[in-house]
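Have a look at the structure below, then the notes.
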Amino acid sequence: MNVADSNRLARALESLGLTAAPEAEGADLIVLNTCVVRQSAEDRALGRLNSLRPLKLANPNLIIGLMGCLIGIHGNRALEKRFPWVDIFAAPSDPEPFLRALEGRIQHADAEAWRERVDDVLDSAFGLPPLEAHAVSENLPIVLGCSHACTYCVIPSKRGKERSRDPEKILQEARSLVAGGAKELVLLGQIVDRFGLDLEGGYHLPQLLADLSEIPDLLRLRFLTSHPNWMTPELIDSVAALPKVMPHIEVPLQAGDDEILKMMRRGYTNSQYRELIAQIRERVPGVSIGTDIIVGFPGESEVAFQNTYETLADLKLDVAHLARYSPRPGTYSARYLPDDVPPEEKMRRFRALEDLQKEVVGSLNAAFLGQNVPVLFEGKSKKRWRGRTPTNRLVFVEAEQNLLGQERSVRVTWTGPWSLLGELAG
Ligand code: SAH
2 MNVADSNRLA
12 RALESLGLTA
22 APEAEGADLI
32 VLNTCVVRQS
42 AEDRALGRLN
52 SLRPLKLANP
62 NLIIGLMGCL
72 IGIHGNRALE
82 KRFPWVDIFA
92 APSDPEPFLR
102 ALEGRIQHAD
112 AEAWRERVDD
122 VLDSAFGLPP
132 LEAHAVSENL
142 PIVLGCSHAC
152 TYCVIPSKRG
162 KERSRDPEKI
172 LQEARSLVAG
182 GAKELVLLGQ
192 IVDRFGLDLE
202 GGYHLPQLLA
212 DLSEIPDLLR
222 LRFLTSHPNW
232 MTPELIDSVA
242 ALPKVMPHIE
252 VPLQAGDDEI
262 LKMMRRGYTN
272 SQYRELIAQI
282 RERVPGVSIG
292 TDIIVGFPGE
302 SEVAFQNTYE
312 TLADLKLDVA
322 HLARYSPRPG
332 TYSARYLPDD
342 VPPEEKMRRF
352 RALEDLQKEV
362 VGSLNAAFLG
372 QNVPVLFEGK
382 SKKRWRGRTP
392 TNRLVFVEAE
402 QNLLGQERSV
412 RVTWTGPWSL
422 LGELAG
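See below:
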């Protein structure tokens, strides 16, 4: 979501006539986008911000902007006091206030003209210029904010309440991204499977996937992240039925223990989650499933942790994003539940799951050895082209010709837990 927010602002700035500087040193404008989902992310953001200060001291004309969850949607007076040398403070996911605040700061001939250009940019499908060259795979936010209030999570208070974006705007933006060269769109939302539930008219994610599938030059669609409780049979069936929707579903478990799940206020039990995974696998052949896990939530005993471990060992999911619990100011868990799993123990549990997943994913990937898979190429790393399979596995291929944006059949020649190697087939 932050990558999407950053790109959106960058494109808006480019269409206003600014050009990207090769590095922070020497830039006229620096915008730092921030994440605070865990303390480590917040620390990194503050560290980076402090490292910009000497640049500001050396060049008083430098404009420094700070955006994202460090600020939150309601502004942040304390931060403004603490960092008086930052010029612009901006909320997540909305480029408008930022662009308006630039007025009169950027050296330009005519304030009136700037205002009009900002209006134009904001009119053009949420700040995206139509002719910009886009990446092969582009993120497209469809649900902003979140209203679920998991007890550990700071996002709802930082990104505001859940708002589905207007379907017409999304379709328009999708067409413009594809016209600019995108081949894959990744639809984003904190609970993306709730798309449309807050809108009139019963237009939900399956309908949006069907309508987006009609865009001729679009090859692939993905969506993340789903909450188990809104992963309807209808949505699962549309993943199975629509050829452009990739067989890959991100549906976080967070913890495998029912008591912990209750304390997290996730709204499902271990057995309900297992049942959902079984249903997805039954309806979508060859599907890959990703999950998020938090270890060391308050009160997580060794037995509770084993429930998570065993669930992952049984389910053999294709991806697990692992995190150690980090108390976030203002959340229910930070206020009421003592952070009682010691850091070394959190680390031990994290490593245990990491080792488990390495085995699981290693053997799932090994099944691809010698097979032909369709790979959409997204870029080049050194001499090798980098692409993804329908199930989102990373593949590297050595080839002389330009493969960017092409979907080609690749024969897999080597597999490891985190990537595959292959050669163009035929
Ligand atoms: N809205 C999505 C993703 C949220 S952020 C969802 O509900 O899944 C991505 C992940 O960060 C979460 O899934 C969770 O695993 C992790 N996370 C959120 N708050 C956290 C916290 N306080 N400590 C550790 N990990 C956290």
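Here the numbering used here runs 1 ahead of the position in the sequence shown, where the first position is 1. C-beta atoms are modelled at their ideal positions from N, C-alpha and C, and glycine is treated no differently.
Test item: CB-CB of residue i and residue j under 8 Å
i: Leu206; j: Leu172; result: no
i: Val396; j: Val376; result: yes
i: Lys162; j: Gly146; result: yes
i: Asn308; j: Asn271; result: yes
i: Pro265; j: Val252; result: Checking the sequence shown, residue 265 turns out to be Met, not Pro. No.
i: Ala458; j: Ala136; result: Because the chain is modelled from 2 through 427, residue 458 falls outside the range shown and cannot be assessed.
i: Pro142; j: Arg166; result: yes
i: Val398; j: Leu425; result: yes
i: Val413; j: Gly427; result: no
i: Ser239; j: Glu185; result: no
i: Ile64; j: Asp29; result: yes
i: Val193; j: Leu220; result: no
i: Glu215; j: Ile261; result: no
i: Arg284; j: Met247; result: no
i: Ala400; j: Trp419; result: no
i: Asp259; j: Pro299; result: no
i: Phe1; j: Arg350; result: Outside the displayed range of the chain (2 to 427) lies residue 1, so it cannot be described from this structure.
Which listed residue (the options) has its alpha carbon closest to that of residue i
i: Cys154; options: Cys70, Ile64 and Leu318; result: Cys70
i: Leu254; options: Leu313, Gly66 and Leu338; result: Leu313
i: Pro330; options: Thr20, Asp29, Arg385 and Val38; result: Val38
i: Leu19; options: Asp6, Leu103, Gln358 and Leu80; result: Leu103
i: Asp88; options: Leu50, Gly190 and Leu220; result: Leu50
i: Ile295; options: Ala321, Gly181, Arg282 and Ile278; result: Ala321
i: Met2; options: Gly76, Phe84, Gly406 and Ala92; result: Ala92
i: Glu201; options: Asp315, Val119, Arg164 and Leu323; result: Arg164
i: Leu437; options: Ser94, Arg12 and Asp111; result: The requested residue 437 does not occur in the structure, where the chain is confined to residues 2 to 427.
i: Tyr310; options: Ser382, Gln358, Ser410 and Ala46; result: Gln358
i: His249; options: Arg389, Ile290, Ala256 and Ile281; result: Ile290
i: Ala5; options: Asn140, Asp199 and Met348; result: Asn140
i: Ala46; options: Met348, Pro244 and Thr35; result: Thr35
i: Arg394; options: Ser327, Lys384, Glu401 and Gly417; result: Gly417
i: Gly388; options: Ser410, Pro55 and Ala368; result: Ser410
Residues that residue i bridges to, as DSSP identifies them
i: Glu251; result: Gly291
i: Glu2; result: In the sequence under discussion, the amino acid at residue 2 is Met, which differs from the Glu named in the question. DSSP output for Met2 lists no bridge partner at all.
i: Met68; result: Asn34 and Ala91
i: Ser382; result: Arg385
i: Asn373; result: Arg412
i: Leu323; result: Ile294
i: Leu17; result: Paired residues: none, contrary to the question.
i: Phe397; result: Arg387 and Leu422
i: Leu186; result: Glu139 and Leu222
For residue i, the three-state DSSP class (helix, strand or coil)
i: Pro130; result: Any reading at Pro130 needs caution, since the residue's pLDDT is 48, under 50, leaving its predicted position unreliable; the model's value is listed next. Three-state DSSP puts Pro130 in coil, outside helix and strand.
i: Gly423; result: strand
i: Thr416; result: strand
i: Arg409; result: strand
i: Glu201; result: coil
i: Glu26; result: coil
i: Val342; result: coil
i: Glu355; result: helix
i: Leu178; result: helix
i: Pro299; result: coil
i: Gly73; result: coil
i: Gln208; result: helix
i: Trp86; result: coil
i: Pro55; result: helix
i: Arg101; result: helix
i: Lys347; result: helix
i: Ala114; result: helix
i: Gln191; result: coil
i: Pro196; result: With the sequence shown as reference, residue 196 is identified as Phe, and Pro is not the correct amino acid for it. Coil, per DSSP.
i: Asn308; result: helix
i: Asn403; result: coil
i: Ala368; result: coil
i: Leu80; result: helix
i: Ala11; result: helix
i: Leu318; result: coil
i: Leu63; result: coil
i: Pro328; result: coil
i: Arg336; result: helix
i: Arg45; result: helix
Point to revise | Within the segment 212-285, ranges of the beta strand (DSSP E) (whole runs, at least 3 residues) | key: Whole beta strand (DSSP E) segments, 3+ residues: 221-225 and 249-251.
Practice item. Jot down the residue ranges of each uninterrupted beta strand (DSSP E) in the segment 132-173, minimum 3 residues, whole runs only, in chain order. Key: Complete beta strand (DSSP E) runs here, min 3: 138-142.
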